[in-house]
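Asker: Dropping the structure in here first, questions after.
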Amino acid sequence: MNVANKITILRMLLTPVFVGLALYYKPENDHLRYYALCVFSIAVLTDALDGFLARFLKQKTTLGTIMDPIADKLLLITAFISLTVWNASVKLPLWLPIIVVSRDIIIVIGVLVIFLIHGDVKISPSPLGKITTFFQMAAIISVLLLYRHSEYIWNTAVVFTGLSGIDYMFRGARMMNGNTVKK
Numbered sequence: 141m142n143v144a145n146k147i148t149i150l151r152m153l154l155t156p157v158f159v160g161l162a163l164y165y166k167p168e169n170d171h172l173r174y175y176a177l178c179v180f181s182i183a184v185l186t187d188a189l190d191g192f193l194a195r196f197l198k199q200k201t202t203l204g205t206i207m208d209p210i211a212d213k214l215l216l217i218t219a220f221i222s223l224t225v226w227n228a229s230v231k232l233p234l235w236l237p238i239i240v241v242s243r244d245i246i247i248v249i250g251v252l253v254i255f256l257i258h259g260d261v262k263i264s265p266s267p268l269g270k271i272t273t274f275f276q277m278a279a280i281i282s283v284l285l286l287y288r289h290s291e292y293i294w295n296t297a298v299v300f301t302g303l304s305g306i307d308y309m310f311r312g313a314r315m316m317n318g319n320t321v322k323k
């Protein structure tokens, strides 16, 4: 268990804290929104930090390769769902987490199918996937800030979510056909 993996675990542990703060938020308890923003921001920073440390310290592990995207998905999916039902003047529309979660389910099913057929799957994030994660995180932060024009950010996140989902499907199809996937 190296430092990067411990930071990834911290991100996983911050997720229920964030959800609790977001769901218990009420306008009369505005401090909870700021706490939720701080917890989410720390979780976002751990996402950048664990990857940097794993590369810088040359401590990339199989466990980290699996846990990091799981921690990201856990944080983002629960944040998207929480911010559709929270009691604030700016909240996410219900269709947004449906799109985000559907894309992730499709990707996971694709990975499982490739694994079952080929017995091995090399998981590597695509540039579009990284851009998608950035905009998804930005959308959540904009809602937590009660930014009146958050829809521009979350609509951008939706566009990249769709594009990266299509990209991952093409990458999966190439893997199924025995072709290598460019990183």
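Note that the numbering used here gives residue 240 to position 100 of the sequence shown, counting from 1, and the numbers run on in steps of one.
By construction, the Cβ of each residue, glycine as well, lies at the ideal position given by its N, Cα and C atoms.
Could you tell me whether the stretch 265-277 touches the stretch 306-316, where touching means 3 or more Cβ pairs closer than 8 Å?
Answerer: yes
Asker: Please specify which runs of the alpha helix (DSSP H), each continuous and at least 4 residues long, are wholly inside the stretch 201-235, giving them in chain order.
Answerer: 202-225
Asker: Identify the continuous alpha helix (DSSP H) that holds Arg-288 and give its terminal residues.
Answerer: It is not in any alpha helix (DSSP H) - Arg-288 carries neither H nor E in the DSSP assignment.
Asker: Is Val-261 helix, strand or coil by DSSP?
Answerer: coil
Asker: Is the CB-CB distance between Ala-162 and Ala-176 below 9 Å?
Answerer: yes
Asker: If you scan the stretch 143-172 from start to end, which runs of the alpha helix (DSSP H) of 4 or more residues do you find wholly inside it?
Answerer: 143-164
Asker: Does DSSP classify Leu-197 as helix, strand or coil?
Answerer: Reduced to three states, the DSSP call for Leu-197 is coil.
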